[in-house]
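K.L.:
Quick note on numbering that gives the first Met the number 0: the sequence shown kicks off at 0 and runs consecutively.
All C-beta atoms in this analysis are idealised placements derived from N, C-alpha and C, irrespective of residue type, glycine included.
Just passing along the structure, written as structure tokens.
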Amino acid sequence: MKTIFLIVCLVISTTLFAQKLDVAKQIKLAETQYMGMLAQLRGTENFPQSAMPDGSLKTKKSEWWCSGFFGGSLWHLYEFSKDDKWKVAADKWSMAVQKEQYNTKTHDLGFMLYCSLGNGYRLTGDERYKPILLRGAASLATRFNPATGVIKSWDNFKDFSYPVIIDNMMNLEFLFWAARQSTSNAYRTICLSHADKTLQNHFRKDNSSYHVVCYDTTNGKVLAKKTAQGFSDSSAWARGQAWGLYGYTVMYRETNDKKYLKQAMRIADFYLNHPALPADKIPFWDFNAPNIPNDVKDASAAAITAAALLELSQYSNRSKKNTYFKAAEQMLQNLSGPEYFTEEGNNHFLLKHSTGHKPANSEIDVPIIYADYYYLEALLRYDKLVRKK
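Quick look at the structure:
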């Protein structure tokens, strides 16, 4: 009897795992939600961000670091559906961010401009987008200091004047694009320098990363290794690990340098093999959070990680390729289920259970726009890879 029970359980689990995610269904549901989002918004000055404590829609202006994600999500819908209504909406919301091309006060121009206008240029070749993007890349490059070798993140952090966060790895894809569009090699040089310095200083022996590394402006010496959004200076903030994984996967794609591939794989293995990673592979907001297993999760970290793992799987050897693909597939299957995905309500966001900044008591266990963006990106990547098989 025990043997029969085990066989039945094995058959059931194998069948469930073998089921492929229905991407077309998820995109259709996302379209319904985002049609509601578009109807809910008034004008293009306020960009959807999250939910307020009372459950109402939380919005921000274009100078907010995530203003490009809504337009980028609309481009994802257009890429899959080829429906011009999404193209029109994506153009409208992407162009609403264009004034940030002159913003030299932030390192987040990759998120703001490249996720929106960059996707638009990739999909349409619309020449209106190119000068905006190039101007934005030039603005981003002003935050690079040759003395430190890294792009400055915030203008200050605690008592430090040159903080660099792991999130900054995500802006390098934008500069690589700009390097290909120009005759100067300066942008590529910045990317290599920033990635190498981050590789040298941001990671611990177990391949987890610090959130913030603070540099001496004059000589580039590391002054401190801290956290802002993680549980502690020594903890592994979940979304930070996802940013690093995604960033070094891009670095390998752009350079074909194996040291970046190895680093991406080391981060992936740390993430996937961590004893605090739940069975559904949707992490708690920090791998060292004090209240695990009763702490809040971060669906955004899982969405970013899934998108990165799908790309990384294509660069890895056969055994790792299968491991990374299956992990990403499981993340997407769970994110697409009723526990995390919303078919209606939720202020028309797609995913629930993201955590923005728990130490600041901000955006805890709520929908957040960048979770939607990377979830949709991961769905598109998954669909392309499944079609190739």
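1) Starting from the C-beta of residue 253, find all residues in its chain whose C-beta is less than 6 Å away, skip the five residues before and the five after it, and write them out in chain order.
2) Where does residue 371 fall in DSSP's three states?
3) At which residues does the beta strand (DSSP E) containing residue 223 begin and terminate?
4) Based on DSSP bridge pairs, tell me the residues matched to residue 356.
5) Give me the DSSP bridge partner(s) of residue 58.
6) Is the stretch 337 to 348 touching the stretch 309 to 328, taking contact as three or more C-beta pairs under 8 Å?
7) Smallest Cα separation from residue 285: which of 225, 229, 144, 326?
8) For residue 237, I'd like the list of residues in its chain whose CB is within less than 7 Å of its CB, leaving aside the five on either flank, ordered along the chain.
9) Count the other C-beta atoms from every protein chain shown that fall within 10 angstroms of the C-beta of residue 33, then say buried if there are 16 or more, exposed otherwise.
10) Do you know offhand how far residue 415's Cα is from residue 27's?
11) With DSSP collapsed to three states, give me the class of residue 133.
12) Look up residue 94 in the DSSP assignment and say whether it is helix, strand or coil.
13) Using 10 angstroms around the beta-carbon of residue 247, count the other beta-carbons present and answer buried if the total reaches 16, otherwise exposed.
14) First and last residue of the alpha helix (DSSP H) that includes residue 120?
15) Of the residues 153, 171, 216, which one's Cα is nearest the Cα of residue 163?
16) Could you tell me which whole beta strand (DSSP E) segments of length 3 or greater appear in the stretch 186 to 273?
17) So, using beta-carbon positions, are residue 214 and residue 222 closer together than 8 Å?
P.N.:
The short version:
1) 175
2) helix
3) 221 to 225
4) 361
5) 47
6) no
7) 229
8) 282, 283, 284, 285, 286, 297, 300
9) buried
10) It is not possible to answer for residue 415, since the shown part of the chain is limited to 0 through 388.
11) helix
12) helix
13) buried
14) 118 to 123
15) 153
16) 211 to 214, 221 to 225
17) yes
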